[in-house]
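These notes concern the structure reproduced below.
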Amino acid sequence: MKEKLAELRLDGEKRIEAASTLAELQAAKGALVGKKSALTELLKEIPKLDPARRPEMGSATNELKNYLAGLIEEREEALRLKSAEISPDFDLTVPGIPPLSGGLHPITQMRYDLDDTFRSLGFEIFQEDDITSELFAFDNLNFPPDHPARESMDTYWLRGHDHGRGGERLCLRPHLTGASVRYMKSHEPPYRFVYPGRVYRNETTDARHERAFFQYEALIVDRDVPFSSGRVMVKGILDRVFGRDVPVRMRVGFFPFVEPGFEIDMGCLVCGGKGCSVCKYVGWIEIMPGGTPHPNVLRSAGLDPALYTGFYVNIGLDRLVMMRYGVDDVRLFHSADLRFLSQFR
Amino acid sequence: MKISLDWLKDYIDLPDGTSLQKIAYDLTMSTVEVEGCEAMSEKFQNIVVGEIIEVLPHPNADKLKICRTDIGCGETREIVCGGTNLKGGMKVAVAKPGAMVRWHGEGGLVEIKNAKLRGVESYGMICASSEIGLFELFPADGEAVIIDLSDFDARPGTRLEAALGIDDVILEIDNRSLTNRPDLWGHYGIARELSALYDVPLKEIPAAEALKGLAPGPGLRVGIDVPERCARYMGFRIENVSTKAASFKIQSRIWRVGQRPINALVDITNYVMLAVGQPTHAFDHGNIKGGITVRMARDGEKLTLLGGRELSLTAEDLVIADDDEAVALAGIKGGSKDSILDDTTDVILEIANFSPIGIRKTATRFETRTEASVRFEKGIDPQRADLAASMAASLFADEFPGMRITAFTDNYPRPLGRALVEVSLGWLAKRMGQGIPQEAMLSTLGRLGFTAEIDGDVMTVSAPTWRSTGDISLPDDIMEEIARLHGYENFTPTPITSTFERPINQRGHELERRLREYLSFRCGMQEVFTYPWVKDEHIEALSLPTDGMFQLAAPPAPDESHIRSSLLPNLIDAVSKNVRFAEFADGFAIYELAQVYIDHGYETRQDEREKLPVQRRRLAGALVGGAGDVRGLFRRGKGIVENMPRLTHMEPFSFSRPEEGPAWADDTVWLCVTRSGETIGHLALLSKRAALGYGIKQAAVMIFDIDVDALEPLPSRANRFAHLPEYPLSEYDISMVFDESVKWADIEAAAVGKKGPADIVREARFIDEYRGSQIPSGKKSVTARLVLGSDARTLTSEDIEKSVGMITKRLSKQLGGELRA
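Those sequence lines, one after another, are chains A and B. According to this note's numbering, the first sequence is numbered sequentially starting from 190. According to this note's numbering, the second sequence is numbered sequentially starting from 26.
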């Protein structure tokens, strides 16, 4: 009988362990400790035993019954906690509910990325009005009096304000550079500031040309800023914007308001500099002009060019955003087309 | 501008092993941007000279022939060809399989493959000039005329470009990078840069034999009325010339850099311009009456240009005139009267210097920018005329061995001095961030044609005349010359040092960003940008006054001359575009933050010479939804505006409802946004009329439009901490039926009541309102949530019942509310 008990014990442990649902456990319970179980049958046998062995066997059998009942209870508890009363068919592939669907314009996103970068370098942010005068758009910036950019085929002059010269001749600003003189005239040197904004040119539009586009200029003016410092700044900014090491080169360039002037190229990120259609197979992409402010510009700002110098860059935001996302038509930025804009959330 | 490497080699010997890539790179880094290179060997790949051994009839076609052709290396091939001028012993251009040709000179390039033509196998093709891009050098009478290369000394099998002596590489230079360097508008100038870059000597242009002993004489009379517009006029009368074709060398050179060969006279003038950058002009002496005068045109004076276009000149235009009338537009284009004709034998060669002032204006006025005008408008030194004269005279002598220069004049009222600049060496080192040895600087400047002397800290630099037309005038210009030839890449980057004075605190800018982030991230709105110019029909749709709106002098389109006084016209235009997309049929929300312009309130800011109109930033948003959801849209819009001050950290504002709303708004659904009693914007439903003006038929559009410059950012976050309630609060919802005319604001006020110390109602919150079958018409059911609490104890259910009872009594007494069952 002892052997029989040991056998029932082992069998019971196995069956309880194997029950993976409450129903299975219920069945096991019936079979192990129920009225018709082998154990119950065994208990019924006890009175028939030798009286001397009855107490021993009786308590052993009861002990086993209690033991199994305890195991069943434990198992039941464990199974109850595990199942959250949820059907195993619960569909996990249903999509999540998106949060609110707003977003910043991709140009604004880039602008704020740059703002954060320049702020971390101690630059202030300056904004000028859209309407400016010939004085600030051209005269202060060393543009010769008959420079083609001053004509209405390039610049949007305002009707009725397009005659006369200088401070009375008004236009939608053709570039941001004029704002630098505004800032310098109203602050004390040294300067370290950025001036983002939208500019306007009378152009024929296509996938690469727009009449309204965004620029981001940065200017440092101090007593001692060698132009090689500019490269440190440019590289730092591009690395941060693109999140990786971006090769940068500075080469000769000409703009009326800088001397010397540079074209700043970044290594083509599409081909890694090997040459591809994006970089016209040269491995470099013209990303921004820059240079040392022309002495006449510093003079316009009331500074002595013998004492002060600086470094300036003009970042074409549209182009940078196009590079970042692979956008192939600049006109999309002003389209207000939500099918486009909603991609940049 | 195209530059031929072969041509450059006339003027410099490049160091051994200088690759084309290196030249392109070095020019790009230090001088001008090289945009691309074109190798003739690639263009004519697999095209060789062949010699026709015999021409056999084609068995299946009358117009085709079979040419047994020697294509070199002992190979003879049969080529089927439809040429009309084929004969035995003729040398031809054979496009072998793999060559790229243009069938019959039309369409795109096609690769040649072995093919059967009417049943006969043909190895490649014998080419007509237009099929391999050589029509301009080998003009043909018909498309079936084959290039005859018999005059070229080349054996069969020779590559075509080698046989023609045009095995060249062409550099394509970005003209924009040349605008400030008039000295570089020709091969000699680029050669000078390369000589400086590689420290190899620049060869001189030899003095012409034909000019030796030539002295100005009375045979050619040239008067300059306006020396400020014409610094120099050299004229040569050259006789015994003709309009025969120029030698192949001249033709092929100018052709390689993009100029079409015409005749020897015209080609020589173009050659000289492309070589030294000095435009020259040859015209028929026979058509000139008397002498030549450089003068201003008279208003209304007529001039017929070469090509037949008649111009009506102005007193601002400079002309070349004979004793009768204007014959040419000075520095821009010749006239029909003085033009070279087929029978011309006697010409005047003009090598003149016109000042940039006026050239561009005249060229722009008559839309005739030419190779000559583009060069003159950059500013050319008058000394360059001497180089051009030497080169031209040699070319005339080469092309026309029998020519005679029978008269010569050199009217030179305004010689140009060399620009002098003093540079401090200490300043130079500081600006460059590092010193450069004196000898290196002097050598660099010397190679570029500058002379420089150093005395202590001062370097006195004299610029060559070709850099003295405005290009070089400041110490900074000298620094650039030294630095660019040293190579910007070779300077050690210097970190930027900084001093700490104060943290940056720009509340205005931060507010603008917070507003955008609030709308985009908290309110689910998408930022858009629209143009500042506005369509007339949109101004009309919104009934905006045009009084005070600025207009563009040259607008993008005739009906877009106004620039915005409000963001709404273009914002609603954006709504009308997006509302059509099925993706956004459920509704969407957009906003724009930008400046608007009104022609008033002029003020002086940084400079008293300037007066600018006040320009204010505005923030406008549009919430778009179904026409049946006006209440919902209104509440969303109002919620966005209401919560804006608190969540973007600025002084609060409120709503008011004066007598009259904005013209574009619905008569009922509109509010003014006010701050300190001033209206700073609106929150309103777009009127049906305005919506239809935009073609918006189904959707309702809720608008807010706020003057951002009227907003006041707080100096810091200003909300205060409130102690947590000591005893728990209770909430209790009541629903009551009111007349439609009862407003929530009244319900709220009545519910909260005048707060006595014993009052336990803290707040009444709007939950919803309901109209439906169980509610009588003209009535609505409003559900409010009462928030109850005490600072002294936990509320009992009796407390709550008592308070709710008092509140419902107040609501029914003051506002006629009835409790819903």
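Glycine residues also receive a C-beta, built at the ideal position from the N, C-alpha and C atoms.
For the stretch 625-639 of chain B, which residues have a CB atom closer than 9 Å to at least one CB atom of chain A, in sequence order?
From the stretch 625-639 of chain B, only 629, 630, 631, 632, 633, 634, 635, 636, 637, 638, 639 have a Cβ closer than 9 Å to chain A.
Excluding five sequence neighbours on each side, which residues of the same chain lie with their C-beta closer than 7 Å to the C-beta of residue 637 (chain B)?
627, 628, 630
If we ignore side chains and look at the alpha-carbon of each, how far apart do residue 788 (chain B) and residue 774 (chain B) end up?
Their backbone Cα atoms lie some 10 Å apart in a straight line.
Please determine if the stretch 647-664 of chain B and the stretch 610-619 of chain B are in contact, where contact requires at least 3 C-beta pairs separated by less than 8 Å.
yes
What's the gap between the Cα of residue 634 (chain B) and the Cα of residue 355 (chain A)?
8 Å
Contact set for residue 498 (chain B): own chain, Cβ-Cβ below 8 Å, skip 5 residues either direction
444, 446
Closer than 8 Å to chain B by CB, residue 402 (chain A)
no
Run through the DSSP bridge pairs and tell me what residue 439 (chain A) is partnered with.
A:453
If you draw a straight line from the C-alpha of residue 440 (chain B) to the C-alpha of residue 257 (chain B), how long is it?
Spanning the two alpha carbons is a distance of roughly 8 Å.
Cβ neighbour criterion (16 or more within 10 Å) applied to residue 769 (chain B)
With fewer than 16 other beta carbons inside 10 angstroms of its own, residue 769 (chain B) counts as exposed.
Residues bridged to residue 80 (chain B) by DSSP?
Partner(s): B:92.
I want to verify the contact list: residues of chain A whose CB lies under 9 Å from the CB of residue 520 (chain B), in sequence order.
418, 421
CB residue 688 (chain B) to CB residue 707 (chain B), shorter than 8 Å?
no
Which residues of chain B have a Cβ atom closer than 7 Å to the Cβ of residue 301 (chain A), listed in chain order?
The CB of residue 301 (chain A) comes closer than 7 Å to the CB of 538 in chain B, given here in chain order.
Residue 419 (chain B): contacting residues in chain A (beta-carbon distance under 7 Å)
Ordered by position in chain A, no residue passes the 7 Å Cβ test against residue 419 (chain B), which lies about 34 Å from the chain.
Starting from residue 237 (chain B) and walking both ways along the alpha helix (DSSP H), at which residues does that stretch end?
Neither: residue 237 (chain B) is in no alpha helix (DSSP H) and is coded neither H nor E.
What number of angstroms, rounded off, separates the C-alpha of residue 279 (chain A) from the C-alpha of residue 581 (chain B)?
Distance between the alpha carbons of residue 279 (chain A) and residue 581 (chain B) is about 59 Å.
Excluding sequence positions up to five away, which residues of its chain have a Cβ less than 6 Å from the Cβ of residue 445 (chain A)?
331, 332
Could you pull out every residue in the same chain whose Cβ sits closer than 7 Å to the Cβ of residue 406 (chain B), ignoring the five residues on either side in sequence?
441, 490, 491, 493, 494
Interface partners of residue 553 (chain B) on chain A, CB under 9 Å
294, 523, 524, 525, 526, 527, 530
Considering residue 622 (chain B), what are the terminal residues of the beta strand (DSSP E) in which it resides?
613-622
Answer yes or no: do residue 40 (chain B) and residue 249 (chain B) have a C-beta to C-beta separation smaller than 8 Å?
With contacts defined by Cβ atoms closer than 8 Å, residue 40 (chain B) and residue 249 (chain B) do not form a contacting pair.
Alpha carbon to alpha carbon, how far is residue 730 (chain B) from residue 367 (chain A)?
Looking at the two C-alpha atoms, the distance is approximately 30 Å.
Simplified DSSP state of residue 208 (chain B), which is helix, strand or coil:
Residue 208 (chain B): helix per DSSP, three-state reduction.
Are the beta-carbon atoms belonging to residue 29 (chain B) and residue 151 (chain B) less than 8 Å from one another?
No, the pair does not count as a contact, with Cβ atoms beyond the cut-off.
Grouping DSSP H, G and I as helix and E and B as strand, with all else coil, what is residue 408 (chain B)?
coil
Beta-carbon within less than 8 Å of residue 326 (chain B)'s beta-carbon, same chain only, minus the 5 sequence neighbours each way: which residues are those?
337, 338, 344, 350, 351
Looking at residue 262 (chain B): is its Cβ nearer than 8 Å to the Cβ of residue 171 (chain B)?
One thing to note: residue 262 (chain B) has its Cβ no nearer than 8 Å to the Cβ of residue 171 (chain B).
Which of helix, strand or coil DSSP assigns to residue 301 (chain A)
helix
Looking at C-alpha atoms only, which residue of A:311, A:317, A:245, A:234 is the closest neighbour of residue 639 (chain B)?
A:317
Within a Cβ cutoff of 8 Å, which residues of the same chain sit near residue 517 (chain B), ignoring the five residues on either side of it in sequence?
So the list reads 458, 459, once near-sequence residues are dropped.
For residue 748 (chain B), which three-state DSSP category applies?
coil
Ignoring anything shorter than 3 residues or poking outside the stretch 249-326 of chain B, list the beta strand (DSSP E) runs there in chain order.
255-264, 306-309, 317-321
For a contact defined as C-beta to C-beta under 8 Å, what are the partners of residue 439 (chain A) on chain B?
513, 514
Which residue marks the beginning of the beta strand (DSSP E) containing residue 1 (chain B), and which one marks its end?
Residue 1 (chain B) falls outside the range modelled here, since chain B spans only 26 to 846, and no answer is possible.
Taking Cβ positions only, does residue 461 (chain A) come closer than 8 Å to chain B?
no
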